[in-house]
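Numbering (our numbering), first residue to last: 11 to 477. Beta carbons: idealized from backbone N, C-alpha and C, even for Gly.
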Amino acid sequence: MQNRSDIITRFAPSPTGFLHIGGARTALFNYLFARQAGGQFKLRIEDTDRERSTTEAVDAILAGMNWLGLEWDGEAVSQHARADRHREIAEELVAQGKAFRCYCTPEEVEKLREEAFAEGRALRSPWRDGGTPPGDMRFTVRFRAPDSDVTLHDAVQGDVRWAAKEFDDLILLRADGNPTYNLAVVVDDHDMGVTHIIRGDDHLVNGGRQAQLYDALGWDRPVFAHIPLIHGPDGKKLSKRHGALGAEAYREMGYLPEGLRNYLARLGWSHGDQELFNDAELIAAFSLAGLNKAPARLDFDKMAFVNHHHIRQADNARLLALLTERLEGEEGLVSGAVANARLTPAMDMLKERSKTLAEMETQAYFLLRERPFTIDDTARKHLSPEALALLSRLRAVLAAHNDWDSEALGELLKAFAQDEGVGFGKIGQPLRAVLTGGAPAPDMSLVLALLGREEAIARLDDHTRPA
Ligand code: GLU
């Protein structure tokens, strides 16, 4: 019996683009499983396809992993750098008669494939039983597909069985000597000591082929867990049409990494009906048994709900720093120490009113507007001559008031409305117009309190004094 701490998982992205949301979830599951066991979570960059792999994509994947807090153990492994080892194993299989050199030309292969297809079976090379090579022709190395059926004991899909005739004599080394995906993955996973592979079920058939390779090599198979891919809100496979495919996009939309971790963990994995998890809870609760067999759908409302929870839980100073970073360079806003002083006491209000950091920017806007600002047309409608006169009288009351907290200010506004013999709306709307310019904001007593007396009165003066 294996020690739990011997558990090794990995994430093995192909660096052909950003960190896809599906990839991020795969990485997260592998991360959680390893952390729970006190084992290791490794990262391997599957850069064997030299034409499609780019350094920018590697950097984007690493940045996405770092942002999401999916810390991997040890150095990231480059699959390409291990090509000699892959060739060595392929040659070993040839020496054992479990693989062979195939001298078929691409045209011959095409023909064989058509024949095989017509006969309802996979491709078998005429070179599988040896033969005399025709001069110095180029060859591929192919796996000699075993005659027995294959069963993969998948932790999510259950036992999946393929008949022997369903699998080709798989190419292990291309004519240029480069290893193919299935060979490289098996050799790397084995050498990295990987014990559990959680990945998308688009690799399920590869799982069957890889199982054959493990068996041929006499290596223990890892535990495979093939998870259904993520679907869009419309129930169709996630595609460009659905937008927001990269983890980076969620960062830009203002999701917190812990919010996205929580949401992604629940996308295709469940633990009773619990929706909200902190990291320690996720690590403690994760299990392969909780992985769902049915595809999960992206649900942006739920994502926002989960993120809101994490925004509420987050430390104010950290949120303030994240918010400030996002606001940097925006026109028409105060910045630096002034902004900081105004935002600090507003953080609890902002957390309540914002499901994402992007929403928080919108909610913070009224606080930071540089005076004098223009009032938008809708808000301006509340500034009749009578309303302006009312605001001038309110200004005098406010200027004489010392107790500048929202509760006391609320009482003051109520008393003022009563003295004036008007409903609160008659004061609230014009006051909102001059204090916020029409930007989203909480109730007026809190707006006054958060702006501070000096700024509030200055804003009143900007708009009520005759020009
Ligand atoms: N590199 C493969 C991919 O990005 C994953 C391979 C694997 O997990 O075995 O789809």
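As the crow flies, the alpha-carbon of residue 474 is around 17 Å from that of residue 388. Here DSSP, grouped into helix, strand and coil, assigns residue 207 to strand.
Comparing C-alpha distances from residue 183 to each of 129, 207, 127, 113 shows the shortest one belongs to 113. The region 159–247 is shown to contain whole alpha helix (DSSP H) runs of 4 or more residues at 191–201, 214–227, in chain order.
Within the same chain, 70, 256, 258 come within 6 Å of residue 28 by CB-CB distance, once the 5 residues on both sides are set aside. Distance check between residue 201 and each of 431, 81, 52 places 52 closest, using alpha-carbon atoms only.
Comparing alpha-carbon positions, the option among 32, 36, 26 lying closest to residue 19 turns out to be 36. If you compare the alpha carbons of 379, 409, 82, 458 with that of residue 416, the shortest gap goes to 458. Annotation for residue 195 indicates a beta carbon within 7 Å of some heavy atom of ligand 1. Residue 52 carries a strand assignment under DSSP once its states are collapsed to helix, strand and coil. Annotation for residue 363: no beta strand (DSSP E) segment contains it, though the alpha helix (DSSP H) segment containing it runs 357–363. Counted as a single uninterrupted DSSP element, the beta strand (DSSP E) harbouring residue 109 occupies residues 109–112. Secondary structure note for residue 150: its beta strand (DSSP E) is the uninterrupted segment 150–153.
Unbroken alpha helix (DSSP H) stretches of 4 residues or longer found wholly inside the region 308–337: 310–323, 326–337, given in chain order. By the CB criterion at 8 Å, residue 236 and residue 253 fall outside the cutoff. A distance criterion of 7 Å places the beta-carbon of residue 22 in contact range of ligand 1, judged by its closest non-hydrogen atom.
For residue 17, there is no enclosing alpha helix (DSSP H), since its DSSP letter is neither H nor E. For residue 35, the enclosing alpha helix (DSSP H) starts and ends at 31–47.
Between residue 96 and residue 224, the alpha-carbon positions lie close to 14 Å from each other. By the CB criterion at 8 Å, residue 316 and residue 269 fall inside the cutoff. DSSP, reduced to helix, strand and coil, places residue 79 outside both helices and strands of the structure shown, so it counts as coil. Counting C-beta pairs closer than 8 Å gives three or more between the region 436–456 and the region 414–428, which meets the contact rule. Under DSSP, residue 249 takes part in no beta bridge, so it has no partner. Collapsing the DSSP output to three states places residue 256 in a strand. Below 8 Å, too few C-beta pairs join the region 136–154 and the region 168–175 to call them touching: fewer than three.
Put simply, the region 401–411 touches the region 437–444. At least three CB pairs are less than 8 Å apart. Assigned with DSSP and collapsed to three states, residue 379 falls in strand. Scanning 303, 311, 274, 346 for the CA closest to the CA of residue 39 turns up 274. Rounded to the nearest angstrom, the gap between the Cα atoms of residue 243 and residue 307 is 5 Å.
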